[in-house]
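The block underneath contains the structure these notes are about, expressed in structure tokens.
Protein chains in written order, with my numbering: chain C, 55 to 611; chain Y, 55 to 611.
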């Protein structure tokens, strides 16, 4: 009897949408060899992670075992799958396999962070396979909203696993490979041990629509437009960019790319060969000399990002271009939950300018890149796996996906980040829970989400910050008066005197009756002053602020 | 020729959804007599107004003219129409007219803030009218998602205006008065000068559904439930509360009200006589002794509010009650844009518990309280106003509403907060723009949204806060070393030494070469130290923090 085991361990992406990072292992317990699928990021938001630049998966568990990591595979070039490669690869030190377009994007990220480009290996498509320790891994084409998306076919001594990555079933995806049911049936024909499967749209009941359905509608819309046309979508949706640009071309409009990601993605598509026949573009400078009815702008910022081109245009002139009454702005995109406020801010700004806004509410100018429930079920039916392990979803998605699988007799397993599943033998079991949190990239520094740094920021934002300083001489007597500064607090409270005066008076009163034991002990003194400040503040303005006390002690010279 | 003029001036609610506050005036220029319709609030959010308790309209313009204000009318008891009465009435000092249910809610708010209850006058319904200066004002019943909602019929020397307040066209509203087209036609028969009209759902293309359609569906759902049933909706939607409670009753379940607003609204409904026949309720304590399959909980927190009952239950035991696998949680509500994250957090927590969640996605367990586009057009057709002034909408809603009105030959006017419209004569004109911002209720204090207090909080949250203190003797020499404390910043940066040490070393270096002129001038010294700290921090951790410097100068004793 072999003591080898096959394990699955998500470190990101399971229990959330974003930050994908999945470990597979095979070998004797605690001596398994590993591969990693995807190394993505997720994005901070003002409420939960203010000031943070990017959120990375906590890979410490894998880092401690990096000598047993044989390879990293990237399914596609979306940020939540490739975005952490630049930041984390040096800690894992393993070859990274990706198809040409994905590798183009990964390379840029590694270059930005000074990574070792020799570790990046361009992979060929299925039926080629990469040997990585006990695994043989192949890139099986699947359709999605970005070119060259691939599912990973992972051959293990325990059988074949298919890790879908993000996918939809699109037989006419405009750019990139169509979904090929015959190929998938062939790959699955000898039995699939586990299908690790995208769950994003599990709650969407209707069959998904093809990327090709969008073109005629956008073409019609642009043909009928009178003023300038501006369209936004995810820059990585190369097929959509092509559709929109061609619609502009057909209507006799020059195409302008606005926003760094927009130019970068078109460039990556052309360099890697997936994007052919994209209309020629004009620069914003040249465009500003052309009649506005002859322009189509493709711009970044479909999610309302403040610094992207959409938001910039909604605030006024941007690179010499400006929206006006009678222009058309098209959101060829869906607003991700949580981004509504930013998107609506832009829409209302444009409304004030008299710009006509078209969004996805009519369901014809955008299609999702993810498989809906009937499509997911169709894939189950083609692959016929023994086990379905849902991923790329919040808990509610994973749970729904398992219920659907089990309803047709497929064993389903919910495994959220940090849950290690032993897939050896007939029935999967949870064998471990490992630390799998989030790391914040904050300026140049990586900090743990639980380190308290961001919690302190949120507290200052909620409660304001008071600082009090005090000088004490070498005989433990107070020199002069305490000095108070506030930040983020009302200047005056109910007594109508300046808040700092009220606080200083409160401290003075406290110091007047403080005994020597308190004055001689920094910790005691600071704690007591903090209490006085919080209580005085509560009485005066109805808030208990964060407080920092600095006691400077003069020493006899 | 009379020099009197009729003016309309929104101070809140026009260009936003929430914080309703509309002034009407009549008389000689700058001597007009005023009435005010509604005095509502809007709610803060973590991104834009962290730490703020409530947002009130800036009524300074009206306060300065309070001697000319004859009356305040409240259309209905939603927070965005009545919520500021407690906080702002003392600054306006005018009688407040409201129908019994609305008055019940208004009274509680005035009591909380120590207001003069004699100013609250219970109004009778149309055809009675209140004489208020040059205006005669009547409460014309209209259906909405709260009882006794009324449109204001405002008779002016220039003709009749109808101010709809919030409305839908519901002829079977379960609780409260049905919409009565014949009555509305009669009120409008002699010509309506202006219809000031709710625009919330102007983008919803289908006809609105009646509150009565929800009952059978909820009854069926509850009848089929196996475990405990918990339902949430806006507490003020008395009709829905009744529907849900009755569904519980029919299924043999005892009804429990969880959350202060839930108990308060049922009480207000019963006290004011609008709610009759509500099933008897049991306390949470008693409920915890009953079998869970015999319970139906009506709970607050349909918008994911962290402190409400829904969120509390999603975190574990609450008042002795706890959700378990097989229980049902019903969102009989729609998530307001911006609240998605909080709602999804609750749903995912419940998913982890194995609770089945039913939300509005099937469109049968909730109906909106606002008129959709066809309903708004139907009201236009009944009232046949000369002018439509859209309100209760963001700019995009107001613009769309005007386009719809103008398409059928009705003059439309976009007037956002602070825009004064002269309605005298045939064609309305913009005659003034007045200051109409927002006031933050922050603890016990009201602060202006533009005062910089909240901006400072956001900055601390984004950038962290460094404080540096320094003691200087009476000869302008530095005593000891500078002391640095940080809050909301990484403890170590790229050099792996503590950030505070790096900052203190940077300051020391600066002080070592600072000349006497700098050391003797507090402003210069503080500014220079701030610069050193920001730059050192940028080098070390890649962030420029907020900085507070305190220089303590010892004086010769």
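C-beta: ideal position from N, C-alpha, C; glycine also.
So, for residue i: in the same chain, excluding its five sequence neighbours on each side, which residues have a beta-carbon less than 8 Å away from its beta-carbon?
i             : result
residue 55/C  : Residue confidence for residue 55/C is low, a pLDDT of 46 falling below 50, so the modelled location carries little weight and cannot support an answer.
residue 595/C : 543, 544, 547, 548 and 553
residue 171/Y : 161, 164 and 165
Just to make sure I have the definition right: I need the residues of chain Y whose C-beta is within less than 8 Å of the C-beta of residue i. Which are they?
i             : result
residue 101/C : 99, 100, 101 and 395
residue 496/C : 544, 595, 596 and 597
residue 391/C : 394, 395 and 398
residue 257/C : 415
residue 428/C : Per Cβ cutoff of 8 Å: no residues; residue 428/C is ~16 Å from chain Y at best.
residue 105/C : 515, 516, 517, 518, 542 and 597
Based on the DSSP secondary-structure assignment, which residues constitute the bridge partners of residue i?
i             : result
residue 139/Y : Beta-bridge pairing links residue 139/Y to no other residue.
residue 492/C : 111/C
residue 185/Y : 190/Y
residue 197/C : 222/C
residue 372/C : 375/C
residue 69/Y  : 448/Y
residue 473/Y : 487/Y
residue 437/C : Residue 437/C is not bridged to any residue.
residue 502/Y : 493/Y
residue 286/Y : 353/Y and 385/Y
At a CB-CB cut-off below 7 Å, which residues of chain Y make contact with residue i?
i             : result
residue 533/C : 608
residue 499/C : 544, 547, 595 and 596
residue 613/C : Nothing about residue 613/C can be reported from this structure: the residues present for chain C run from 55 to 611 only.
Interface residues of chain C around residue i at Cβ under 8 Å?
i             : result
residue 602/Y : 521, 539 and 541
residue 442/Y : Chain C residues near residue 442/Y: none, gap ~17 Å exceeds 8 Å.
residue 411/Y : 450
With 16 as the cutoff for other CB atoms within 10 Å, does residue i come out buried or exposed?
i             : result
residue 449/C : buried
residue 337/Y : exposed
residue 484/C : exposed
residue 239/Y : exposed
residue 609/C : exposed
residue 340/Y : exposed
residue 86/Y  : buried
residue 504/C : exposed
residue 246/C : buried
residue 346/Y : buried
residue 570/C : exposed
residue 583/Y : buried
residue 156/C : buried
residue 357/C : buried
Spatial neighbours of residue i within its chain, please: C-beta separation below 6 Å, excluding the five flanking residues on both sides.
i             : result
residue 190/Y : 183 and 209
residue 364/C : 286, 353, 355 and 400
Identify, in the order they occur along the chain, each residue of the same chain with its Cβ nearer than 7 Å to the Cβ of residue i, setting aside the five sequence neighbours on each side.
i             : result
residue 73/Y  : 66, 67, 94, 95, 96, 109, 111 and 134
residue 300/C : 333
residue 71/C  : 254, 446, 447 and 448
residue 311/C : 317, 320, 335 and 352
residue 457/Y : none
For residue i, which residues in chain C fall below 9 Å Cβ to Cβ?
i             : result
residue 511/Y : 514, 515, 516, 517, 518, 519, 541, 542 and 543
residue 401/Y : 448, 449 and 450
Please compile the residues from chain C whose C-beta is within a distance smaller than 7 Å of the C-beta of residue i.
i             : result
residue 507/Y : 542, 543 and 544
Which bits of chain Y does residue i rub up against, with CB to CB less than 9 Å?
i             : result
residue 422/C : Per Cβ cutoff of 9 Å: no residues; residue 422/C is ~15 Å from chain Y at best.
residue 479/C : Near residue 479/C there are no residues of chain Y at all, since even the closest Cβ is about 26 Å away, more than 9 Å.
residue 552/C : Under the 9 Å cutoff, chain Y gives no residues; its nearest Cβ is about 13 Å from residue 552/C.
Exercise for the section: Could you name the residues of the stretch 513-525 of chain C whose beta carbon sits closer than 7 Å to any beta carbon of chain D, in the order they occur along the chain? Expected result: Among the chains of the structure shown, chain D does not appear; the protein chains present are C and Y.
Exercise for the section: May I ask you to verify whether the stretch 402-419 of chain Y touches the stretch 378-386 of chain Y, counting CB pairs closer than 8 Å and requiring at least 3? Expected result: With a cut-off of 8 Å, the stretch 378-386 of chain Y and the stretch 402-419 of chain Y count as touching, because enough Cβ pairs lie within range.
Handout entry: Validate contact between the stretch 438-448 of chain C and the stretch 287-305 of chain C using beta carbons, cut 8 Å, 3 pairs
Key = Taking a cut-off of 8 Å for Cβ pairs, the stretch 438-448 of chain C and the stretch 287-305 of chain C do not touch, as fewer than three such pairs fall below it.
Problem - Meets three-Cβ-pair contact criterion under 8 Å: the stretch 263-283 of chain C and the stretch 427-446 of chain C - result: Output reads no: the stretch 427-446 of chain C does not touch the stretch 263-283 of chain C.
Exercise for the section: Take every Cβ of the stretch 195-204 of chain C, pair it with every Cβ of the stretch 118-132 of chain C, and state whether three or more of those distances are shorter than 8 Å. Expected result: Yes, the stretch 195-204 of chain C is in contact with the stretch 118-132 of chain C.
Handout entry: Inter-stretch contact at 8 Å, needing at least 3 Cβ pairs: the stretch 475-494 of chain Y / the stretch 469-489 of chain C
Key = Segments in contact, no.
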